[in-house]
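To start, the structure under review is shown below, and the notes come after it.
Protein chains: 2
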Amino acid sequence: MDKEMMKGNIDLILLSLIAERDLYGYEMTKKLKRLSDEAYSMSEGTLYPALKRMERKGWVTSYWSAPEGERRKKYYTMTNEGETELERKQKDWASLHSLLHKARKSYDT
Amino acid sequence: MDKEMMKGNIDLILLSLIAERDLYGYEMTKKLKRLSDEAYSMSEGTLYPALKRMERKGWVTSYWSAPEGERRKKYYTMTNEGETELERKQKDWASLHSLLHKARKSYDT
DNA sequence: TTTTAATACATCGTATTACAAGGGTTCGTG
DNA sequence: CACGAACCCTTGTAATACGATGTATTAAAA
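So the protein lines, in turn, are chains A and B.
Quick note: the first sequence, position 18, residue 18 per the UniProt record's numbering, numbers continuous.
Quick note: the second sequence, position 9, residue 9 per the UniProt record's numbering, numbers continuous.
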């Protein structure tokens, strides 16, 4: 998968991940790599600013976790607004999918 | 459909349209609006620079048509490179779709 | 006939975005 | 102790989407 394909969809990807369970940043990069069969690596220069952005928009919140003997990790968790936004993005995604389908099939003149 | 959803997918959309048959710019905006049930309007400030960009990249070529009594229109047509690029983008799109699916389903830990 | 709306192409300035490159700390293992 | 992996972050740059704006031409309405 070309990295270009991620453009414009970073937030949707991250929201989808975080919706499942709380994750910390570094973990997200590893998970994405695994889920894409090593095809896609999200650079940290993309990830961390994106997380900040989403937190600023109120879609996620974060908390530090530092259990005994473990190093600190910054976990991100979903807000209600984030869930709303995710649903919106999923709908948009479906609409775009449908639009592309129609375009390919020359649905009308 | 929110306009935001188009970000990063403009080229894919336009290539999909042009792959079906030669089209001129203004026609593309109308067709997209129709295909999306009036939900999406591609602004001309988005469209024309995008067409120029794709022509520069060799994905499409253009020709002017000015039949007797009709006003001039600039038609765009697909190149072989454009078809290759379209296939590449379609594959990427499918990969992203799969990735999102796996993210939602908590496919792994 | 004058005005208005639609058709058709284009550019410019701005805000946003993705990312490579870099910086830093902490921890485990050889 | 050295080294790499785990973890977080910022800065600068290039590309992108789009609103605003400009210019002609043609069709329709007033």
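No residue lacks a Cβ here, since even glycine has one placed at the ideal position from N, Cα and C.
No Cβ-Cβ contact shorter than 8 angstroms links G25 of chain B with W59 of chain B. Residue state for S65 of chain A is assigned as strand, using DSSP reduced to three classes.
Between the C-alpha atoms of T46 of chain B and I10 of chain A there is a straight-line separation of about 21 angstroms.
For the options A:Q90, A:L17, A:L23 and A:E4, the alpha carbon positioned closest to that of K74 of chain A is the one of A:L23.
Going by DSSP, K31 of chain B is part of the alpha helix (DSSP H) stretching over G25 to L35. Going by C-alpha positions, L14 of chain B is about 33 angstroms away from E55 of chain A. Nearest to R21 of chain A by alpha-carbon distance, out of A:L96, A:Y40 and A:M78, is A:M78. Of the residues assessed, S36 of chain A falls on the buried side of the cut-off, its CB having 16 or more other CB atoms within 10 angstroms. In this structure, the beta-carbon distance from S62 of chain A to Y76 of chain A falls below 8 angstroms. Closest in C-alpha terms to M42 of chain A, from the list A:R53, A:M28 and A:K52, comes A:M28. Only those residues of the region 52 to 67 of chain A whose C-beta falls short of 8 angstroms from the nearest C-beta of chain B would be listed, and there are none. For E85 of chain B, the closest alpha carbon among the candidates B:L12, B:E4 and B:K7 is that of B:L12. Contact between Y40 of chain B and K33 of chain B holds: their C-beta atoms lie close to 7 angstroms from each other, under 8 angstroms.
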